[in-house]
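For the sequence shown, our numbering assigns the number 425 to the initial residue and increments by one for each residue that follows.
Note that beta-carbon positions come from the ideal geometry of N, C-alpha and C, so glycine has one too.
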Amino acid sequence: MSIHNDIKRNTVPKIAAMKGGIPIVSLTAYNAYMAALVDPYADFILVGDSLGMVAHGMESTTPVSLDLMIAHGRAVVAGTSKALIIVDMPFGSYEESPEAAFRNAARLLKETGCGAVKLEGGMRCAETIRFLVDRGIPVMGHIGLTPQSTHVMGGFKTQGRDRDTWSAHEADARAVEEAGAFAVVLEGMVEELAAKLTQMIAIPTIGIGASPVCDGQILVLEDMLGITQGAPKFVKRFAEIGSQIDKAVAGYAKAVKDRTFPTADQTYR
Ligand code: KIV
Numbered sequence: 425m426s427i428h429n430d431i432k433r434n435t436v437p438k439i440a441a442m443k444g445g446i447p448i449v450s451l452t453a454y455n456a457y458m459a460a461l462v463d464p465y466a467d468f469i470l471v472g473d474s475l476g477m478v479a480h481g482m483e484s485t486t487p488v489s490l491d492l493m494i495a496h497g498r499a500v501v502a503g504t505s506k507a508l509i510i511v512d513m514p515f516g517s518y519e520e521s522p523e524a525a526f527r528n529a530a531r532l533l534k535e536t537g538c539g540a541v542k543l544e545g546g547m548r549c550a551e552t553i554r555f556l557v558d559r560g561i562p563v564m565g566h567i568g569l570t571p572q573s574t575h576v577m578g579g580f581k582t583q584g585r586d587r588d589t590w591s592a593h594e595a596d597a598r599a600v601e602e603a604g605a606f607a608v609v610l611e612g613m614v615e616e617l618a619a620k621l622t623q624m625i626a627i628p629t630i631g632i633g634a635s636p637v638c639d640g641q642i643l644v645l646e647d648m649l650g651i652t653q654g655a656p657k658f659v660k661r662f663a664e665i666g667s668q669i670d671k672a673v674a675g676y677a678k679a680v681k682d683r684t685f686p687t688a689d690q691t692y693r
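Here's what the structure looks like:
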C-alpha cells in the first residue's frame, strides 16, 4: 500500500523488452535541472561516474566516491518523473566481493531512489551481477572499453580491431547476460563486433562509440551539447552550448561593468 500510486516512470522490464525494437534513447545527467530537460526524451538517464571529470574536474573516474554518486543520483531522481534512473557504481565499490557490492548498490537504491545500477566488467563481474540481481537489485552491465580499467587496458583504445580479441568480448557479453543483467553498455568497439554481440545476446545493447547497430545509444550530455573540451572523436555535437554560454557570460560581464545591467522589475518573484 502506498500513496505514491501515480508514478509513470519507465521500468527495467520495459527497457529489457525494447530489445530489437525502436532504439533506446539515453543520456547522462548529473543535476536536477539538466535531468529535467532530458527526461521527456530519454528512456533512461544514467548518472554516470563520468561526473567526476565533467562536474568535478577530476582527471579520471577513479577518485569518484559512492557518496558523490549518491548526491548526484538523488538530484537527478528529484528532477525527473518519466525516465528510468540508473546510477553508476564507482571504482572500488563493487570489485572486492559480491557482499560489499550489495551493500553499496543497496545504498544507491535506498538513498537516491534510482531504479537500477550499472557496473563495469564482463566475466570477472558475473558472480557479483548474479548476487545483486538475486537480491532485487537490477543491474546494467558495461563491457568493451571500460573507463574504470584504463590503467590496466593502457588507455582509451577502440576494442575489437583485432579479431583474435573478439572471443573475450563475446564471453563477457554472454557472462553479463547469463548473470541476469537487464541490458549492457557496449563502449568503444568496432561496428562488426558490436553487431555480433547485439545479435548474440537477448538483452538490449546500449552503444557509446560502438556504432548505430546497437539496440540503443548513450552519450555524455555535456559532450553532445558542445560544452566539454576534448570529447571523444565519435561524439556528434548536437549543439554548441559552450560558445552560447561564453557569449551570455561575456554580455553579462559587460553590462555589469558598463552599468547598463538591466533590471526588469525591483521585486523578487
Ligand atoms: O560514466 C558514464 O558516463 C558512462 C557512459 C556509458 C556514458 O558510463
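Contact test: residue i Cβ vs the ligand KIV heavy atom, cutoff 7 angstroms
i	result
Leu532	no
His566	yes
Asp473	yes
Val701	Residue 701 lies beyond the stretch modelled for the chain, which goes from 425 to 693, so this question has no answer here.
Thr699	Residue 699 falls outside the range modelled here, since the chain spans only 425 to 693, and no answer is possible.
Leu610	no
Leu470	yes
Spatially closest choice to residue i from the options, by CA coordinates
i	options	result
Asp647	Asp639, Cys638 and Lys657	Lys657
Thr486	Ile494, Leu475 and His496	Leu475
Ala550	Ala525, Ala530 and Ser484	Ala525
Val449	Thr589, Asp588, Pro636 and Phe685	Pro636
Met624	Ala599, Ala674, His575 and Ser573	Ala599
Gly444	Tyr676, Gly612, Thr629 and Val659	Thr629
Pro447	Gln668, Val478, Gln690 and Gln641	Gln641
Val501	Lys660, Glu535, His575 and Gly516	Glu535
Ala595	Leu643, Ile651, Leu617 and Ala540	Leu617
Trp590	Asn455, Ala479, Val511 and Val614	Val614
Gln583	Glu664, Leu643 and Ala634	Ala634
Pro437	Gly539, Asp689 and Asn455	Gly539
Arg585	Pro571, Phe606, Gly612 and Val659	Gly612
Beta carbon of residue i nearer than 8 angstroms to that of residue j
i	j	result
Ile553	Gly631	no
Ile561	His593	no
Ala453	Ile469	yes
Leu569	Val563	no
Lys542	Met577	no
Val609	Gly546	no
Gly579	Leu532	no
Val478	Thr652	yes
Exposed unless 16 or more other CB atoms sit within 10 angstroms - verdict on residue i
i	result
Val680	exposed
Gly654	exposed
Ala507	buried
Gly675	exposed
Contacts around residue i, its chain only, beta-carbon distance under 7 angstroms, and the 5 residues preceding and following it disregarded
i	result
Arg559	Phe526
Thr622	Thr629, Val637, Cys638 and Asp639
Any non-hydrogen atom of the ligand COA within 7 angstroms of residue i CB
i	result
Ile632	For the structure depicted, the ligand COA is absent and the ligand set comprises only the ligand KIV.
Nonlocal neighbours in the same chain, by C-beta distance under 8 angstroms from residue i, ignoring five residues either side
i	result
Arg661	Asp647, Met648, Leu649, Gly650 and Ala655
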